[in-house]
Amino acid sequence: MQAQSSGATQMNQFRSYVTMLGDPDCKDGLKLKATQEISKHFEMILNSPMYPSFLDHSLKIFLKILDEGDPLFIAEYNLQQVRKLILEMLYRLPANDILKPYVRSILQLMMKLLEIDNEENVLVCLKIIIELHKQYKPLFNPSIQRFLQFVKSIYSNLPNHMDKIFEPRPPIKVKDLSDVNMEELLKETFTMTIIQTETRKKDGTLNAYYLIPKAVLSLKVLQELPIIVVLMYQLYKMNVYQDVSDFIPLIMNTITLQPTLEQRQADTFNKEIFVDFMGAQIKTLSFLAYIIKMYQDVVQTHSAKMVQGMLGLLTLCPQEVAHLRRELLIAARHILATDLRNNFVPHMEKLFDEDVLLGRGWTTHESLRPLAYSTLADLVHHVRQQLSLADLTRAVHLFSKNVHDDTLATTIQTMSCKVLLNVVDCIRIRSEAENSNEGRELLMRMLEVFVLKFKTIAKIQLPILISKCEQRKQEAQTLLQNQQQNGNADKTEIDSKINVTDMLENVLTQTAGALPKEEPKSKFGFPQNNNYNVADYRSLVKTLVCGVKTITWGCSACKTTTGQTLIQSKHFQPHETLVFVRLVKWALKALDIYTLNIGPQPGVLPQRMNQNNVRSKEEKEGLEHFSGVFSMMNSQTFHEIFSTTIEYLVERVYKNPTLQIVPNTLLANPTTSPIFATVLVEYLLERMEEMGSNVERSNLYLRLFKLVFGSVSLFPQENENMLRPHLHQIVNRSMELAMSAVEPYNYFLLLRALFRSIGGGSHDLLYQEFLPLLPNLLEGLNRLQSGLHKQHMKDLFVELCLTVPVRLSSLLPYLPMLMDPLVSALNGSHVLISQGLRTLELCVDNLQHDFLYEHIQPVRAELMQALWRTLRNNDQVAQVAFKVLGKFGGGNRKMMTEPQKLEYISSDFDPPAILARFHNQDESIDFPVSKIIETAFNALKQSNTDPFYRKQAWEVINCYLTASMSLNDDKRTLINLFLHPSFQDPNTIPNIKGSTYKSIYKQARETHQTALTGK
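When the letters of the sequence shown are read in order and numbered with this note's numbering, they come out as residues 3 to 1017.
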């Protein structure tokens, strides 16, 4: 109750203050104090329950004071401060239903004050107008039309005031303020001005007063008018459409206004007024940028003035006020996004001048370059077809600098690369149109820019990114370890206390020498940017790769002048070829950016990508684009580049296996394949010895050999001649080095890759070259496959024997050599069986039966048994085997009439055997099991054994070992024995001294040992 009474008392006090303001007999000083009290406690008033009644009472008096009181233009006058405080309180009124009945009267008064009041008050009036229109959206009325006419009049009269605005003036000094002719002085005042008098204050200092300009002449008010016009256009589009259209010529005149050269060079030139004036111009241009799409036809009519005005603003914008140039660039960006940008083409030289575009201020240079360069880049992109060769050269010069400016964001560097990429074709066209060689020279300079950027990425940025990646990985690992340790500490009970005093003493007594020393920092080189980002640099590298490809195409397509004619040549001069050599070196290193993760996922350790992982589609496309660079040059240049860089290329592929896409692509291109294959195979032949020792290198060389052989199948006509001179060396050196190498396997894999690639029956040129090698090769392979080797080696020898790349007719003299490998293949793995069946079917289909049977005779039994064994399978191989047996006809059963090749085994002791009894037979039969156990063990050892037979082999061995145990003792006795307590004592059974028991039955012992250990 007491609080309510106190609140009511205060509200009554504030009402009395308001009443005091309306009293004409009250002194101005008291009115100011009363207004200040109301303003100070205005928030409390707004929250009071008595606010509605207070509002009704106060608004009548406030509006009357503003309406009937004379405008004042001296800031120190009490009544001027009262008027300003009243306007500020009106602006602070909450826009709710309580205020709604008063909105119309407030707006009418504000519109009136615009034309008569001073700058300070009108700036508040404008805020009130904007806020009330935003919140209440009143209906269109004549006052809005009058307001627009008022704004037009201000813009129309502005040119008439230009001489007065920038006229050099001495300071205003008078004896007393009453001596000032205020009316005349206000006609020439456009910004706040100091009036100095000879009268003194109580402290002895001279009195000085601030003269506030009229709102209709104020430059600050002029800055705020465009935003209100925009608001009116948004609210009353159909009603004010024509009025806004009428503004456009006035806007064009406004943005072209500027002080004369003499005025700017004068010592008394007022820069503050100039900043205010230019601020008004830029705000006006921003208004134009907002409406330009709706009034593009009207603006086009006055486009010449618009271009002139914008260039003038860019040229004269003071370097000290960066925010003005920012607003100017933003407005220019919107305007240049329309078709009006074509009007700027004749003036591109000025826009490429950084002193015009950015000015010379340090702040603008540092903060506005991204905005300025991106705006200019968009303009160049859209008008590039209309630019002259001189302007294109300026564009290349400017954006090439940006590519290498490490103080710019990586995205801006990438954008600059894209601009250069987009003007390549324009340079070519303009160069041909002007019958000039400058275009090609310019493109080559662009290529050098890109190569140099690859170099800086490879040498500067990439090591930093790798270091950051490794550091993040270590930090994440440390964090995980700490978390694990903390988790373990929580789970386990602490049994001992830590002596903290001792620990602190150890720390405090550490010597300074024990502290880690700070490593010296480099004082030279590029600034190390800690904000390097893997994703940004991936994008940059991708753009660079696309750029060099486009530039190379442009150079190749660019016609050069020879006498009076233009000739298109893909030939590059020696100094140009060196640029491509450097490109290979640095680009292949920079492409390692794809080995880095873009960023760690939550809970995942950041790390460098595993080189065996499948990389992104983006990387694959980038490498293919890079390879495509070299398909657009003549063969001589191409050969020169890769004969110089082939060793480096292979080294890079070794360190980053994904780079193998480059040789893949070059070998898959009909233009580059034979040349690159020649360079690569010559390099590989020099390093064949390394394939027998260094496993990693040998695997790489083997892959590259396979690529070369594969290119022969891809382009037989071009690449057979490439491989033909090297065929003998490949085969002979492989066989020779395999005999002495530590790891000979790769040499035979090399031969297999060669045989598979050219064994399709369509390489007659290579078959002819291969014929002299056939006798020694088959003899050597036959000898190897019949020797003692590991199974995978033996399988490889068999396959090589069956896939020698010659026609069947050439093999006839050597057919006996193929019989043993053929039988081995049919008894081998699934792949070998398929190969053996193909070879056998080929012989059956194409050779006379008598001739074939004659050569098959020595191995006919083994061959038929292998074919029958193959029939057990349920896949396609069994069907092929069945078909081959059918083609043999009755010949497939002739071997059944031949005596079996049996070996008589004599032994002093009976071997282990199964005792079998048959029905109605008195005598038992012994079945020796030694061979059974050996066969079962071999079946388990071989990886290609059918699962069914593997299980049966295990059962045979298991049953044999079980049957070998003596079971004469009863079960109870055995259990009691093994449960005896003495078995828990390790000393119960002493170590056996002397020789252990060894069975005298050697064969039985060996069979048992095979069943147990496989030995």
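For glycine and all other residues, C-beta sits at the position ideal for the given N, C-alpha and C.
query	result
Could you give the distance in angstroms between the alpha-carbon of M308 and the alpha-carbon of A379?	20 angstroms
Within the chosen definition, does the segment 62-77 reach the segment 15-30 through at least 3 CB pairs nearer than 8 angstroms?	yes
So, using beta-carbon positions, are T554 and L423 closer together than 8 angstroms?	no
Leaving aside the five residues before and after Q512 along the sequence, list all residues of the same chain whose C-beta is less than 7 angstroms from its C-beta, in chain order.	Any reading at Q512 must be qualified, since the residue scores a pLDDT of 39, below 50, and its modelled position is unreliable; the value itself is stated next. Counting only Cβ-Cβ distances below 7 angstroms, and skipping sequence neighbours, we find nothing.
What does the Cβ neighbour count give for R809, buried or exposed, with the cut at 16 atoms within 10 Å?	exposed
Taking three-plus beta-carbon pairs below 8 angstroms as touching, is the segment 152-163 in contact with the segment 136-143?	no
Which word fits M13, buried or exposed, when buried means at least 16 other C-beta atoms lie within 10 angstroms of its C-beta?	buried
What does I196 pair with, by DSSP beta-bridge criteria?	Y212
What did DSSP end up calling R343 once you bin it into helix, strand or coil?	helix
Starting from F929, follow its DSSP beta bridges and name the residues at the other end.	I916
DSSP on K499, reduced to helix/strand/coil?	Any answer about K499 is weak, because its pLDDT of 42 lies below 50 and its placement is not dependable; what the coordinates show is given next. It is coil, neither helix nor strand.
Can you give the Cα-Cα distance for N960 and L942, rounded to whole angstroms?	12 angstroms
Is E520 helix, strand or coil by DSSP?	A caution first: E520 carries a pLDDT of 40, below 50, which makes its placement in the model unreliable, though a value can still be read off. Note: E520 maps to coil in three-state DSSP.
Within 8 angstroms, do at least three Cβ pairs link the segment 146-161 to the segment 119-127?	no
What are the residues that DSSP puts in a beta bridge with I76?	L213
Cα-Cα, which of N98, P576, E70 is closest to Y53?	N98
Do I167 and I275 come within 8 angstroms of each other at the CB atom, strictly closer than that value?	yes
Looking at the unbroken beta strand (DSSP E) that takes in I100, where does it start and where does it end?	No beta strand (DSSP E) contains I100, which DSSP labels as neither H nor E.
Please classify Q387: is it buried, with 16 or more other beta-carbons within 10 angstroms of its beta-carbon, or exposed?	exposed
With a CB to CB cut of under 7 angstroms and the five nearest residues on each side skipped, what residues in its chain are close to I230?	L128, I131, I132
Could you tell me the alpha carbon to alpha carbon distance between G363 and P261, rounded to whole angstroms?	21 angstroms
Assign K35 to one of three DSSP states: helix, strand, or coil.	helix
If I follow the unbroken alpha helix (DSSP H) through I156, where does it start and stop?	144-159
When the Cβ atoms of the segment 306-326 are set against those of the segment 276-296, are three or more pairs found closer than 8 angstroms?	yes
Looking only at its chain, what residues have a beta carbon closer than 8 angstroms to the beta carbon of Y211, apart from the 5 residues adjacent to it on each side?	I76, A77, E78, L179, I196, I197, T199
Quick check: the segment 928-941 against the segment 790-800, are at least 3 beta-carbon pairs closer than 8 angstroms?	no
Apart from the five residues on each side of it in sequence, which residues of its chain come closer than 7 angstroms, Cβ to Cβ, to Q265?	F168, F271
Going by DSSP, what residues sit across from R202 in a beta bridge?	L208
State the start and end residues of the unbroken alpha helix (DSSP H) segment that holds I230.	221-237
Can you say whether V833 is buried or exposed, counting buried as having 16 or more other CB atoms within 10 angstroms of its CB?	exposed
Do the CB positions of V825 and L768 come within less than 8 angstroms of each other?	no
Buried or exposed: which applies to T207, given that a residue is buried once 16 or more other Cβ atoms fall within 10 Å of its Cβ?	exposed
When we look at the beta-carbon of A10 and count the other beta-carbons within 10 Å, is it buried (16 or more) or exposed?	exposed
I'd like the span of the alpha helix (DSSP H) that includes V583, first residue to last.	576-592
Quick one: Cα of R952 to Cα of L716, how far?	43 angstroms
Return helix, strand or coil for K1105, following the three-state DSSP convention.	The requested residue 1105 is not part of the displayed model; the chain covers only 3 to 1017.
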